[in-house]
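Chains as they are written, first to last, in the working numbering: chain A, 11 to 542; chain B, 3 to 268; chain C, 1347 to 1635.
All C-beta atoms in this analysis are idealised placements derived from N, C-alpha and C, irrespective of residue type, glycine included.
What follows is a single structure, written as C-alpha cells, with notes after it.
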Amino acid sequence: MIRFVCLLLVLVLRSGLAQWGGELRLNVRSEPRTLHPALADDDASEMIRYLTGGVLVRVNRITQQAEPSLASSWRVLDGGRAIRFQLREKLQFSDGTPFTSDDVVYTIETIMNPDLHSPVGDSFRMGGRVQATADGPLSVVVRFPEPLAGGPALFDQVAIMSRKAPAKEAAVLGPFYIAGRKAGAWVRLERNLKYWKVYAGRRLPYLDAIQLDIQPSRDAEFLRFRRGELHMLPALEPEQFDELSKTGAGLVRDAGSTLANEFLWFNMAPAAPLPAYKKAWFASKNFRRAVSSAIRREDLCTVVFRGHAVPAVGPFPPVNRFWFNSKLKAPSFDLDAARRFLAQDGFSASGGVLRDCDNHPVEFSVVSNAGNKSRERMAAMIQQDLAAIGIRLNIVTLDFPSLLDRISKSQQYESCLLGLNNVDLDPDGQMNFWLSSSAQHCWNPRQTTPATPWEAEIDRLMREQAGQPDARRRKALFDRVQEIVWDQTPVIYLVNRNALVAVAPGLRNVQPAVLDPRLVWNIDQIHFALQK
Amino acid sequence: MIRRAAKWILAALFILMLGAGLFAPYGYEAQSRQEIASPPSRTHWLGTDALGRDRYSRLLYGGRVSILLAPAASIVSVLLALIMGVGAALAGGAAQRAATTVIDLALSLPWLFLLLAVRATLPLNLPPICSIAVTFALLGLLGWPGPARVLLAAARRQLGSDYILFARASGAASWPLAARHLAPNLAPVVLAQFWTTTPAYLLAEANLSLLGLGVSEPLPSWGNLLRELQNITALPHQPWVAVPLLLLIAALSCCQLAQPPREFSI
Amino acid sequence: MGNRRLAAAALRRLCLLLLTVLSAGLFTSALVRLAPGLGSDERQFDLRRSNDSLAALNSGARTGGVLADFRQYLVGLARGDWGESVSLRRPVRELVRERAPTTGLTLFAGLTLAWAGSWAACLVLQLWKRTALDVTASILTGALLCLPAAVVALLFLYLSAAPALALAAILFPRIFRYQRSILDAGVRRQHVLAAQARGAGPLAVFWRHVCRPALAEVSALGGVSVSMALGAVIPVEALCDSPGVGQLVWQAALARDVPVLMHVTVVIAVATCIANFAADAAANAGVPA
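Structural data, given as C-alpha cells:
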C-alpha cells in the first residue's frame, strides 16, 4: 500500500515537475520533398512523418523491440504470412475523424499502389501483393504472399492515413500535426489535441509545438545551437563534439556506434570504361584483401572521428545485437599480409612503386562526395596508407549528382568511398544491396546472371532468409552471407561512426539512440525542465 | 622607405615559397597521426592540421601554387576584358551594342555547369599539375565579363578625350591608338581589377575543389587552407589557423605598396 | 525627329533585352544538360526501392533535350506558367514570388551599404591625403577580399547580423577598389589642377571635377556591382539561413533542377540588363557635353 502511494506520488510529482508546453526548435538540412506520408523518402520528410504519423507498431529505438502503438496487440498467423492487429478503441485523427480498421486498409492500399511507388510499400513488396482486410471496426488482418521477415516492426514506417477525413493526409494520428510552412525557411508542427497517449491523466505530448528550421549548412546549424536558437543536434561532427564538450558535459553525448558504415568499393562492372588490366586488379580477391589489409582502420577512428567510431567488420556493426555475426572481427592492419596477397597475383614493388605482372604501375582513383570533411580526410589517410605498399591513390571529390551519375549510370569511376546509413535492423532492409540483379548492387549492378559463384551464393542465401519464418534459421543464413562478404571483400568496410548528439540543457527525457530519429524517437515524452 | 620594406618582404615571401622544398621542415603530405590538430610547438611552428600535417610546411608549399597561378589567371581575365572592352569601344555602334549584350549574358549564366562538364571530360587520374592548370585557366577564361563592362565604359570616356582626338587627327589607326594611348590611361582601372580578382581566384580555386577541380589531396593551396576558417567557433581557440589569411593580406598589401607612387591605386 | 530616334533606341534596347533573355534560357538549359548529374537522384540509393520504382524515378527525370526544354519554356513563358520545380515539386513562379522580397531587400540593403561605404571612404581619402590612410584602406580592403564569401557569411551569422551586412562586406572592397582607381585617375587630370589653382574648395573639386567626369565609369561599375551582388547573394543566403531566391538557386544547382535554373537565370539576366541600362543612361545624362 505504502509502495503504491509512493509510486502514485512520484507519478504525480513527475507530471507536476515537467513543464507542459514550450516550443522545441530543431533543424532539418533540406526542404522536405513531400508531406505525403506514403511518399516520404528524404530525411526531412521522414522526420515530419515520424513526428506527425501514427503507426500500428513503434520500434523502441533503445531496446530495438517492437511496442504497441495504435495497435494494442498483434498476432502473427499462418507461418508469418499474416498479422492480425487489434486496434485501440475511441481514437480520432487530428481533425476529429474516428480511426477504424478501414483506415488501415486504406493505408495499405495506398502504399501498395504500384503507380505511387511508395518506398514504404517497396519494403513490403517482396514478390507479390500485400492485402489488408478489416475484421470488424477494431481488427484488421494484413496478408503477405510470403512470410514477412522482419515482422510487425516494419509497420513502424507505415503512417496511418484516413480514408474519410476531409483534410486527407493532413489528418494525422501522431503527437503533432503540420500547422504551417514557409518554403525554404521552416515547417511548424503543433500539438495534436486528439493524440491518443495519456500520462498521469493528461494528454501527451508535453510540447506545444516543434519548429523545424531548414538550414543545409552544418556550420550554420552548429552556430545556431551554440547561440541557443536550436535545442538539439542529432549528428555532430567530431570536432564540434569536442568543442561542445568543453562547455559542459551535460550538453553532448556519444550515444555509441550507429548502423551507419563507411566503405570503399571497386568498380567491377564488366561494361565499365576502364583498362582491362585495372578490371583484372579489381576483380581479384587478393587485390581487394591487400588493399583492405593496408588500411589502418584504428587510425581512421582516432584521427578522423576523434575516437568516436569503431573499425567496421561487415554490413552490420555489433550494436545490431541479433544480426551481427560475432565470430567475425574487423580486418586488422597487416602490411605483410597485404604484400603476400599481392605477390600471389604477381604484383611486385620496386623503387616504392607497386607494379602488376605486366609492369603497369598500380595507380587508381577514388571518388567521393565533396563537402563531407570526414570522407575527404579518410581518403587522404587511405592515400597515405596505400603509398606504404606502393599504390598511388588519386582522390577526386565530386558534387553529389555528378558522383551519382558516375556510380549508377555512366560507371566512369574506379573506386568509390561512400557511406550507408542503415535505417533497418533487419537484413531485409539491405536486400537490394546484396542481390546481384539489383540496381543498387554497387560494385556490379543489374547483373542478368550472377557474375561469380559467391554472388550467386549470396543471392540464394538472401532470398532464402527472406522467406524463412524462423528467426534463428534466418540468422544462420545471414551469418553465412557476412562470412562470404568478409572473405571476398567486394566492399571494404572501414568504420562505423558513433552517434554524436547535443541537447540543450533545459530539455528532459531525451534518450539519445543510435537509430533514427536519434533524439526525438520518444517525442511525446520530451519536455522542458520546470521554470523556477 | 615603405616601398623598400614592402619589396623586401615580398622577396622574402617569394623565396620562402619557391624554396619550400628547402625551408619546409616536413613534406606537405607527411601525417603525424599522434599529433592531430595540435597547437604551435617547437617541432610544428604553426601546429598541425586535422590529419597531423605540419601547417607551416603546407603553407609554404601551398603558396607556390596560389601565388604563382592566381595572378596568372587574373592576367588572363584582365587581358580578355581589356581586348573586349577596348575593342568594343573602338568599334562603336552595333558592335558595341552586341558586345554589351554578350557581356550581360555572360554575367548572368550559371557557369558552374560548364565547370562540371569540364570535370566530367577530364580523366580521373589527372596529374595534379594538369588539374591545377585547368582550374586556373578556367577561372581566367570565365572571369572577364565584369571587368570588361567597366573597361568598356572607361575606354568610351577616354575616346572622347582631347588627346585621343589629337592622335586620330595625326593619323593614328585604331589598334596602335589603343595600344599606345588608350591602354596606358586605362592602367589604373586594369590594375584595380587585377588586385581584386587575384585573391578572388585564389579563393575560388578552393570552391572549385567541391566540383572535383582545383588542387587535389594531398597538395595544399592557400585556398583550401583558408577554407578552414569556416569553422568560426573554433577560431578563438586556434588562432594560428588564420595565419594563411594574414600572410595573404600581407602579400597583397606589399604588392601594392611596392609599386611606384604614380601607379599606386587602391 | 528626336522622338523618333528615342523610340528607335528604345525599341533597339527592348530587342536586345529580349535576345538576352531568350539566350539566357537556351544557354542555361544547354549548360545544365552538358554537366553530369542531370536526372541523378539520391533516392536511387534508397535500398527500400524496388527496380520498378527506380525505373520510374529515372523515366521521370528524362526530358526531351535542349530544344524541347527550350520550346516548353517559351510556351510556358507566353502563358505565364513557369513550370514546376523538379526537386521541390512546387510551381517555380510561386517559389520565386515567395522568396523574391527577401532577396530584393538583401540586395538593396547590401548594395546601398556597400556603395555608401565606398563613397564615404573615397571622399575621406581624397580630402585627407595621408599615406597612412591609404595604406590602412589598402590593408583593410585586402583583408576583406581575402576572406572567402562563406567565411564572411558565417561570421555575420555568428554575430547575428543581417545577411545584407554580409553582402555589403563582400561587395564593399570590390566596389571601393574600382571606384578608388577611377577617381584616382580622375584626380590626376590637368583640369583638376587648374581648378585647384583657381582656389576651388576640395569638396567642389572632388564632386565637380573628379566625380562628374568619371560618372560614366562609376555608373558602369554600378551595373557590374548589381551582377556581383546577384552572384554573392547566393552563398550568403545559403549560409545565413535566409529564405531567398539565392538559397533556391543553390539548392536547384545541387539538384540540377532545370525549370528553376532556367527561370531564375532569366530573372538574373533581366536584372543585369536593366541595371546596366540604367547605369548607361545615368552616365549619358551626367557626362558634360
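For residue i, report the span of its beta strand (DSSP E) as first-last.
| i | result |
| --- | --- |
| A/Gly-429 | 425-430 |
| A/Lys-192 | 186-192 |
| A/Glu-33 | 33-38 |
| C/Gln-1418 | Run containing C/Gln-1418: none in the beta strand (DSSP E); it sits in the alpha helix (DSSP H), 1412-1425. |
| C/Phe-1391 | Neither: C/Phe-1391 is in no beta strand (DSSP E) and is coded neither H nor E. |
| A/Ala-340 | Where A/Ala-340 is concerned, there is no enclosing beta strand (DSSP E), given that its DSSP letter is neither H nor E. |
| A/Gly-266 | 262-276 |
| A/Thr-407 | 402-408 |
Taking all protein chains shown into account, do 16 or more other C-beta atoms lie within 10 angstroms of the C-beta of residue i, making it buried, or fewer, making it exposed?
| i | result |
| --- | --- |
| A/Ser-420 | exposed |
| C/Asp-1398 | exposed |
| C/Leu-1352 | exposed |
| A/Gly-26 | Because the pLDDT of A/Gly-26 is 49, which lies under 50, any placement of that residue in the model is unreliable, and the number read from its coordinates should be weighed accordingly. By the 10 Å Cβ count, A/Gly-26 comes out exposed. |
| B/Pro-149 | buried |
| C/Arg-1544 | exposed |
| C/His-1537 | exposed |
| A/Arg-212 | exposed |
| C/Leu-1505 | exposed |
| C/Phe-1522 | buried |
| A/Gly-361 | exposed |
| C/Tyr-1524 | buried |
| C/Phe-1552 | buried |
| A/Phe-251 | buried |
Quickly, what does DSSP pair residue i with across the bridge? List them, please.
| i | result |
| --- | --- |
| A/Met-242 | A/Val-513 |
| B/Ser-110 | B/Ser-110 is not bridged to any residue. |
| B/Thr-45 | Partner(s): none; B/Thr-45 has no beta bridge. |
| A/Gln-141 | A/Arg-153 |
| C/Asn-1397 | BP columns for C/Asn-1397 are empty, so no partner. |
| A/Ser-418 | Looking at the DSSP assignment, A/Ser-418 forms no beta bridge with any residue, so it has no partner. |
| A/Ala-92 | A/Leu-87 and A/Arg-153 |
| A/Glu-200 | A/Tyr-187 and A/Ala-219 |
For residue i and chain D, any beta-carbon pair shorter than 8 Å?
| i | result |
| --- | --- |
| C/Asp-1603 | Of the chains in the structure shown, none is chain D; the protein chains are A, B and C. |
Would you mind reading off the limits of the alpha helix (DSSP H) that contains residue i?
| i | result |
| --- | --- |
| C/Thr-1448 | 1438-1473 |
| A/Glu-231 | 228-236 |
| A/Thr-44 | Premise fails: A/Thr-44 is in no alpha helix (DSSP H) and is neither H nor E. |
As a quick exercise: from the options, pick the residue whose alpha carbon is nearest that of residue i.
| i | options | result |
| --- | --- | --- |
| C/Arg-1520 | C/Cys-1492, C/Ala-1625, C/Phe-1391 and C/Thr-1448 | C/Cys-1492 |
| A/Tyr-116 | A/Val-495, A/Leu-158, A/Glu-179 and A/Phe-334 | A/Glu-179 |
| C/Val-1467 | C/Ala-1455, C/Leu-1453, C/Thr-1482 and C/Gly-1456 | According to the sequence as given, residue 1467 of chain C is Ala; it is not Val. Closest option to C/Ala-1467, Cα to Cα, is C/Thr-1482. |
| A/Leu-435 | A/Gln-102, A/Phe-332 and A/Val-140 | A/Phe-332 |
| C/Glu-1444 | A/Asp-53, A/Ala-48, A/Ala-144 and A/Lys-192 | A/Lys-192 |
| B/Ser-34 | B/Met-19, B/Ser-59 and B/Trp-10 | B/Ser-59 |
| A/Ser-79 | A/Phe-165, A/Pro-47 and A/Phe-315 | A/Phe-165 |
| A/Asp-346 | A/Ile-399, A/Ala-286 and A/Gln-475 | A/Ile-399 |
| B/His-146 | B/Phe-16, B/Ala-202 and B/Leu-62 | In the sequence under discussion, the amino acid at residue 146 of chain B is Trp, which differs from the His named in the question. For the residues B/Phe-16, B/Ala-202 and B/Leu-62, the minimum Cα distance to B/Trp-146 belongs to B/Ala-202. |
| C/Val-1438 | C/Ala-1376, C/Gly-1383, C/Pro-1605 and C/Leu-1501 | C/Pro-1605 |
| A/Leu-413 | C/Val-1613, C/Thr-1458, C/Arg-1602 and C/Ala-1628 | C/Arg-1602 |
| C/Val-1613 | C/Leu-1362, C/Gly-1371, C/Arg-1350 and C/His-1555 | C/Gly-1371 |
| C/His-1609 | C/Ala-1621, C/Leu-1594 and C/Phe-1623 | C/Leu-1594 |
| A/Pro-147 | A/Lys-100, A/Asp-223 and A/Phe-134 | A/Lys-100 |
| C/Ser-1565 | B/Val-243, B/Ala-22, B/Leu-15 and B/Leu-154 | B/Leu-154 |
| A/Val-433 | A/Met-441, A/Leu-427 and A/Cys-426 | A/Met-441 |
Check whether the Cβ atoms of residue i and residue j sit closer than 8 Å, and answer yes or no.
| i | j | result |
| --- | --- | --- |
| A/Glu-231 | A/Leu-240 | yes |
| B/Leu-140 | C/Ala-1599 | no |
| A/Leu-214 | A/Pro-176 | no |
| C/Ala-1510 | C/Gly-1456 | yes |
| A/Arg-201 | A/Ala-181 | no |
| B/Val-152 | C/Val-1570 | yes |
| B/Gly-64 | B/Trp-224 | yes |
| A/Ser-267 | A/Asn-506 | yes |
| B/Leu-61 | B/Leu-249 | yes |
| A/Tyr-287 | A/Asp-366 | yes |
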